[in-house]
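Residue numbers (my numbering), protein chains in the order written: chain V, 34 to 304; chain Y, 34 to 304. In what follows, a single structure is set out as structure tokens and then discussed.
Protein chains: 2
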Amino acid sequence: MADEPPSSLRRALALLDALASDDAVAQGGWGVNRLAAHQGRDKSQVSRTLRILADAGYVERDAESMTYRIGWHVFALAARAADQRLLAAGAPIIRRLVEKDLGERIHLSVLQGNEVLTLLTETPPHAVQTVAWAGRLVPAHNTSSGRALLIDLERDELDRLFAGVRFDVGGPNAPRNIEDLNQRIVLARRRGYATVDEEFEPGLVAAAAPVRDFRGEVIAALNVSAPKFRLGARLPFAGQQIKAAADELSTQLGWDGLRHRSLAARSAVPA
Amino acid sequence: MADEPPSSLRRALALLDALASDDAVAQGGWGVNRLAAHQGRDKSQVSRTLRILADAGYVERDAESMTYRIGWHVFALAARAADQRLLAAGAPIIRRLVEKDLGERIHLSVLQGNEVLTLLTETPPHAVQTVAWAGRLVPAHNTSSGRALLIDLERDELDRLFAGVRFDVGGPNAPRNIEDLNQRIVLARRRGYATVDEEFEPGLVAAAAPVRDFRGEVIAALNVSAPKFRLGARLPFAGQQIKAAADELSTQLGWDGLRHRSLAARSAVPA
DNA sequence: TAGCGGGTTGCATTTTGTGCACCCCCTATT
DNA sequence: AATAGGGGGTGCACAAAATGCAACCCGCTA
Chain V
34 MADEPPSSLR
44 RALALLDALA
54 SDDAVAQGGW
64 GVNRLAAHQG
74 RDKSQVSRTL
84 RILADAGYVE
94 RDAESMTYRI
104 GWHVFALAAR
114 AADQRLLAAG
124 APIIRRLVEK
134 DLGERIHLSV
144 LQGNEVLTLL
154 TETPPHAVQT
164 VAWAGRLVPA
174 HNTSSGRALL
184 IDLERDELDR
194 LFAGVRFDVG
204 GPNAPRNIED
214 LNQRIVLARR
224 RGYATVDEEF
234 EPGLVAAAAP
244 VRDFRGEVIA
254 ALNVSAPKFR
264 LGARLPFAGQ
274 QIKAAADELS
284 TQLGWDGLRH
294 RSLAARSAVP
304 A
Chain Y
34 MADEPPSSLR
44 RALALLDALA
54 SDDAVAQGGW
64 GVNRLAAHQG
74 RDKSQVSRTL
84 RILADAGYVE
94 RDAESMTYRI
104 GWHVFALAAR
114 AADQRLLAAG
124 APIIRRLVEK
134 DLGERIHLSV
144 LQGNEVLTLL
154 TETPPHAVQT
164 VAWAGRLVPA
174 HNTSSGRALL
184 IDLERDELDR
194 LFAGVRFDVG
204 GPNAPRNIED
214 LNQRIVLARR
224 RGYATVDEEF
234 EPGLVAAAAP
244 VRDFRGEVIA
254 ALNVSAPKFR
264 LGARLPFAGQ
274 QIKAAADELS
284 TQLGWDGLRH
294 RSLAARSAVP
304 A
């Protein structure tokens, strides 16, 4: 890191960082003086800079306490760029998984209804291929990607999603009904990754883990699949590798590792 | 909205907005020239500003295409910007509304000036959804979410908020002026939920109810929207469902069902 | 009433951002 | 091999914006 010359823009951005600091968040935002002290700047210019940031929606002010916090506009930016970033940040992670960690085929996919749409694929000898938005759909219930994507869903939500879906397709070990599927999802939830063993196709095993965005929502899944004779024995290891990579990708999307939906549901409201 | 005087900071932030635009995202990011043209600025300064933003992590550059896109830092900030309680408690409720109660698209949104910013969107599984609404701004006066968010405002406050806003956009039944809007808000206030019938778009109906925090202040709105031929007949029912869910969410945020805005004004201090 | 914490504004100063011209690099085209 | 054009970066003189100090407003309280 070369020592960056200061600039007004850099100083303005530093204000955002300060407002996103643990202390500032914990205290429900900071006022002009506190912020100026923290940044070692004069309060006047901090006041003026904040007004510009507030006009643009990057910060907002609590009317009563006069404190500033990060504004909704930042949220809007992130939400709109999330998909783009998923692909951009996913590609190198997938490449690394293929080349170094696992040496088997890796996919990045999203949920489309009750099916799984693959966005990125990389096979050991080849390069990353971006499958266009009209890629092939596979079922969600008998694939590891699918179960990773469903990992936060409760039983009743599964009922609704899979109402009318036929479970009599796929490999020999595919789930036979929704309850069966639910139990396998519960297992995946406990372990943090999903596995399938000859469910989608005979002779094929796979592991997958969910990718979460900055809201904690599951938005995609990373998965590895390979012939059972090659990957079968080390499937748990592969699952952990995939989970680690998925968490890394989630982190790059702003996930802080705390907001699980399953947790959010029951932890009501701390001060 | 008064014309804000330009400032270098404002111009820098505008670059971020441009990078989050539909076009830029769809094209995998924009290069310096394209950005400069879009902003009507000289490419030299755009280049320099982007370097600062890149150093700070607010944008990042694709090594091959040389295009910039929104960077990890924005996602990190967004994780803070999202009101954790609102989103954490809101997600499961929205999910339930989609899966069980209504089976149509549900949004959670907040007021941003006189527009509505959508934070969470949940789509029923059968519908093909390509447009991501999260992070998008829509008008407040001709949407049900907007009217739910404005439900506590008095006539004079509406005058101030919508001064200078053009009412000649939207669907066939959109309010034609502020008085018209006010009457529809009064109706929503009496019923506890707002509805629109082909106001925002032809063929679209929607219902929304306000979410209140512990002070009784309206901080968000839950809303359902669907094609008229599907939801039109049971719109009042949907409105009541939405209201029940919004009240439940409000309760989880500490609302006791009694406090209203008049009281909230003087009950100051948040913890 | 004076003092204090917190915030904003006026204004002279100067740092910064700006735009122009120019240069680099790559790749089609002739 | 020469050339044109797209995309991106840099040097420099100039104008504009940020800066910091002091003054001021406001509400609170000792």
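Glycine included, every Cβ here is placed at the ideal spot set by N, Cα and C.
What's the gap between the Cα of residue i and the Cα of residue j?
i	j	result
Q216 of chain Y	A96 of chain V	28 Å
G287 of chain V	A109 of chain Y	4 Å
A221 of chain V	L42 of chain Y	47 Å
L120 of chain Y	P243 of chain Y	15 Å
A45 of chain V	T82 of chain V	7 Å
G249 of chain Y	I103 of chain V	22 Å
G62 of chain Y	V257 of chain V	28 Å
H174 of chain V	L214 of chain Y	47 Å
Y226 of chain V	L282 of chain V	14 Å
Q72 of chain Y	A51 of chain Y	8 Å
N147 of chain Y	V65 of chain V	26 Å
G265 of chain V	D201 of chain V	24 Å
D134 of chain V	I275 of chain V	9 Å
A253 of chain Y	N206 of chain Y	24 Å
D55 of chain V	A259 of chain V	43 Å
T176 of chain V	T156 of chain V	18 Å
V171 of chain Y	L150 of chain Y	7 Å
A57 of chain V	D75 of chain V	19 Å
V198 of chain Y	L144 of chain Y	16 Å
V229 of chain V	F270 of chain V	14 Å
Q78 of chain V	I85 of chain V	11 Å
E234 of chain Y	A115 of chain Y	28 Å
D246 of chain V	L194 of chain V	22 Å
E132 of chain Y	R180 of chain V	18 Å
Q273 of chain V	A196 of chain V	32 Å
F262 of chain V	Y101 of chain V	58 Å
A59 of chain V	D192 of chain V	39 Å
R94 of chain V	L237 of chain V	55 Å
H106 of chain Y	R224 of chain Y	43 Å
A122 of chain V	A278 of chain V	11 Å
T136 of chain Y	D280 of chain Y	In the sequence on display, residue 136 of chain Y carries Gly and not Thr. Looking at the two C-alpha atoms, the distance is approximately 19 Å.
S300 of chain V	Q285 of chain V	Here S300 of chain V scores only 30 on pLDDT, less than 50, and its place in the model should not be relied on; the value that follows carries that caveat. Going from the Cα of S300 of chain V to the Cα of Q285 of chain V covers about 25 Å.
I126 of chain V	R67 of chain Y	29 Å
A69 of chain Y	A47 of chain Y	11 Å
S98 of chain V	R118 of chain V	36 Å
A124 of chain Y	D289 of chain Y	21 Å
L130 of chain V	P208 of chain V	28 Å
P39 of chain V	L268 of chain Y	56 Å
A53 of chain Y	A87 of chain Y	15 Å
Would you list the residues sitting across from residue i in a DSSP beta bridge?
i	result
W63 of chain V	V:Y101
I139 of chain V	V:E155 and V:V257
L170 of chain V	V:L150
D230 of chain Y	Y:V238
R94 of chain V	V:Y101
L144 of chain V	V:V149
R245 of chain V	V:V251
Below 8 Å on the Cβ atoms is my guess for residue i versus residue j; work out the distance and round it to an integer in Å.
i	j	result
I211 of chain Y	I184 of chain Y	About 15 Å separates the two Cβ atoms, so there is no contact after all.
A111 of chain V	A111 of chain Y	3 Å
E232 of chain V	G204 of chain V	5 Å
L182 of chain Y	V251 of chain Y	6 Å
E190 of chain V	R128 of chain Y	6 Å
L49 of chain Y	Y91 of chain Y	6 Å
A241 of chain Y	L255 of chain Y	6 Å
Quiz item: Residues in the region 243–258 of chain Y with C-beta within 8 Å of chain V's C-beta atoms, listed in sequence order?
Solution: none
Quiz prompt | Contact residues within the region 61–87 of chain Y, judged by C-beta distance below 8 Å to chain V | solution = For the region 61–87 of chain Y, which is checked against every Cβ of chain V, the residues closer than 8 Å are G61, G62, T82, I85 and L86.
Self-check item: Near-chain V residues of the region 92–106 of chain Y - C-beta to any C-beta below 9 Å
Solution: E93, D95, R102, I103, G104, W105 and H106
Quiz prompt | Where the region 126–151 of chain Y meets chain V: residues whose CB sits under 7 Å from a CB there | solution = R128, E132, K133, V143, Q145 and L150
Practice problem: Scan the region 178–191 of chain Y for residues whose Cβ lies nearer than 8 Å to a Cβ of chain V and list them as they occur along the chain. | Solution: Close to chain V, meaning a Cβ-Cβ distance shorter than 8 Å, is no residue of the region 178–191 of chain Y at all.
Quiz item: Of the residues that make up the region 270–286 of chain Y, which ones have a beta carbon closer than 9 Å to any beta carbon in chain V?
Solution: Q285 and L286
Quiz prompt | In chain order, each alpha helix (DSSP H) run of at least 4 residues that lies wholly inside the region 45–89 of chain Y | solution = 55–59, 65–72 and 76–88
Quiz prompt | Under 9 Å (Cβ pairs) to chain V, residues found in the region 205–224 of chain Y | solution = Identification of residues in the region 205–224 of chain Y having a C-beta nearer than 9 Å to some C-beta of chain V yields an empty set.
Exercise. Taking only beta carbons into account, state which residues of the region 106–123 of chain V come closer than 9 Å to chain Y, listed in chain order.
Key: H106, V107, F108, A109, L110, A111, A112, R113, A114, A115, D116, Q117, R118, L120, A121 and A122
Self-check item: Contacting positions in the region 35–60 of chain Y - beta carbon closer than 9 Å to chain V
Solution: E37, S40, S41, L42, R43, A45, L46, A47, L49, D50, L52, A53, S54, D55, A57, V58 and A59
Quiz item: Taking only runs of the beta strand (DSSP E) that begin and end inside the region 189–222 of chain V, which ones reach a length of at least 3 residues, in chain order?
Solution: none
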